[in-house]
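Okay, so here's the structure we're looking at.
In UniProt numbering, the protein residues as written are 1 to 128.
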């Protein structure tokens, strides 16, 4: 947690109080540092998984989320979080409970919630 605290302090400059999308991008970047996140960076291939759309109505991936953050498509941190949660939930719906990929999604889901609460929502509660 020390490394996360240092990163958070570097992101906070006196002139920058509450920049939610910048903070959301930091959360996304932190998750993307993990090599296991690679499978979530691009849309699921319907060529490789032809039945995917039978189970998943709203596909989402971290690369699409990154593009949406960079293009300022989110109006609130909650919209960002909804899409990130969709990535993990879609994976857990499509894949068998207890499978390796299911556990990876579960791990990232928990990591995301911790980082999002601390770096985004917690900051707003403490400083605004």
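Just so it is clear, CB atoms sit at the ideal spot from N, CA and C, and this is done for glycine as well.
Spatial neighbours of residue 84 in its own chain (CB-CB distance under 7 angstroms, excluding positions within 5 residues in sequence) are listed in chain order as 65 and 112. Following the DSSP letters along the chain, one finds residue 56 in no alpha helix (DSSP H), marked with neither H nor E. The Cβ-Cβ distance between residue 63 and residue 79 does not fall below 7 angstroms. Spanning the alpha carbons of residue 118 and residue 97 requires a straight line of approximately 28 angstroms. If the five residues before and after residue 59 are omitted, its C-beta is found closer than 7 angstroms to the C-beta atoms of 43, 44 and 90, all from its own chain and listed in chain order. Shown here, residue 71 sits in coil according to DSSP, grouped into three states, outside any helix or strand. For residue 109, the secondary structure class from DSSP, reduced to helix, strand or coil, is helix. The three-state reading of DSSP puts residue 45 in coil, since its state is none of H, G, I, E or B. Ranked by how close their Cα comes to the Cα of residue 100, the residues 51, 68, 36 and 72 have 36 in first place. When 39, 81, 33 and 31 are compared, the shortest CA-CA separation from residue 120 is found for 81.
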